[in-house]
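In my numbering, the protein residues as written are 18 to 204.
Just so you know, even glycine gets a beta-carbon here, dropped at the ideal spot from N, CA and C.
Here the structure is a predicted model, which means the values were calculated and not measured.
Here you go:
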């Protein structure tokens, strides 16, 4: 979890955290009077500030810095992102999904998105709430899945054509020509 300045030039991790009632929150230090920008989750038994029980909420700062949930790909592959930003407690916020400096999806206050991206290990996708402040709690529900493709074995062949003489010794044989469409290593 982190934040970005208003020009979205850098991602900075939140370094502060605390329990607010029974709900955890993460924020930029030194903390402002209201701890924004921040991300927090409702772990209480009741909704608070337009955020339902179990939801994660992003809140930009009073100087409009964005609150960001960053997800990083652990391996190469095709990833599906299905989610929704909710209106929360009623302020007018901008919401969006970014990869690097490119906006993949944008909305005002709320909206659903369904995106697929071919990513390399280490690529990041940012889920961003920005452009407003007052009543700025904006819940996000998100499901991420990998659509890893199986390797193409149609051109697979042994590295050795013939084992001769039959003398019971072990010989290393590799399988060549197998290609993984997601560029994962093939062993």
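- Cβ neighbours of residue 65 within its own chain (closer than 6 Å, five residues either side excluded): 59.
- Between residue 151 and the set 126, 138, 160, 139, the nearest pair of CA atoms involves 126.
- Remark: three or more beta-carbon pairs, one from each stretch, lie closer than 8 Å, so the stretch 115 to 123 and the stretch 131 to 147 are flagged as touching.
- In the structure shown, residue 76 falls within a strand segment according to DSSP collapsed to helix, strand and coil.
- In the structure shown, the three-state DSSP call for residue 168 is coil.
- Residue burial is scored here from C-beta neighbours: residue 185 has fewer than 16 other C-beta atoms within 10 angstroms and is therefore classed as exposed.
- For residue 75, the closest alpha carbon among the candidates 106, 166, 201 is that of 106.
- For residue 144, the beta-bridge partners assigned by DSSP are 86, 114.
- Counting the other Cβ atoms within 10 Å of the Cβ of residue 155 gives 16 or more, which makes it buried.
- Assignment of beta-bridge partners to residue 55 by DSSP yields 44, 76.
- Shown here for residue 120: same chain residues with a beta carbon closer than 8 Å to its own, the five before and five after excluded, namely 113, 114 in chain order.
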